[in-house]
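The block underneath contains the structure these notes are about, expressed in structure tokens.
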Amino acid sequence: MNCPKCTGAMKQVDFQGIIVERCSQCYGLWFDEFEQDRLKEHKGSEVIDQGDVTLGTKYNTVDQIQCPRCTTLLTRMVDLRQPHIWYESCPVCYGTFFDAGEFTDFKHETLGDLFRRIGLKGRD
Ligand SMILES: [Zn+2]
Ligand SMILES: [Zn+2]
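Under this note's numbering, think of the first position of the sequence shown as -15, with each following residue one higher.
Here is the structure:
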């Protein structure tokens, strides 16, 4: 499998039995359906996210990319809990692509994110 953003080779990374694909060039991460949520619950799982955040930020601006599994055009999504995190998701097979550094960010909700969420709830 090749990286949908930079065409680098994706390598399989096993974290406690959950296999994800990581790009050997830009260190973007590909998760099949629900894998990112399953991994988020595992303590220490951010070790799979080894890329340079600067590089991740650069590749974050690349869009119009195709699903590495089924070639469908990926849709840019925003994490509902942490709206500063943009990731790409496949509308057909539900795989997701996180740029380097994004999974770590996704995993650690900051106090600021929490306050924003409480603020949003308060207006309902
Ligand atoms: Zn890549
Ligand atoms: Zn797909």
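Positions of the beta carbon are idealized from the N, C-alpha and C atoms, including for glycine.
{"Query": "Given 8 Å, three or more beta-carbon pairs between the segment 78 to 86 and the segment 35 to 54", "Result": "yes"}
{"Query": "Neighbourhood of His26 by C-beta, 8 Å cutoff - its chain only, sequence neighbours within 5 removed", "Result": "Phe(-1), Gln0 and Ile2"}
{"Query": "In chain order, each alpha helix (DSSP H) run of at least 4 residues that lies wholly inside the segment 28 to 75", "Result": "37 to 44"}
{"Query": "Cut-off 8 Å between Cβ atoms - residues of its own chain near Gly(-8), not counting five sequence neighbours on either side", "Result": "Asn(-14), Cys7, Ser8, Gln9 and Cys10"}
{"Query": "Cα-Cα separation between Gly79 and Phe15, rounded to whole angstroms", "Result": "5 Å"}
{"Query": "Under the three-state DSSP convention, the category Phe99 falls into", "Result": "helix"}
{"Query": "Spatially closest choice to Glu72 from Glu17, Gln(-4), Val31 and His92, by CA coordinates", "Result": "Glu17"}
{"Query": "Bridge-paired residues (DSSP) for Gln(-4)", "Result": "Glu5"}
{"Query": "Beta-bridge pairing of Leu13 - partner residues as DSSP gives them", "Result": "Arg6 and Phe82"}
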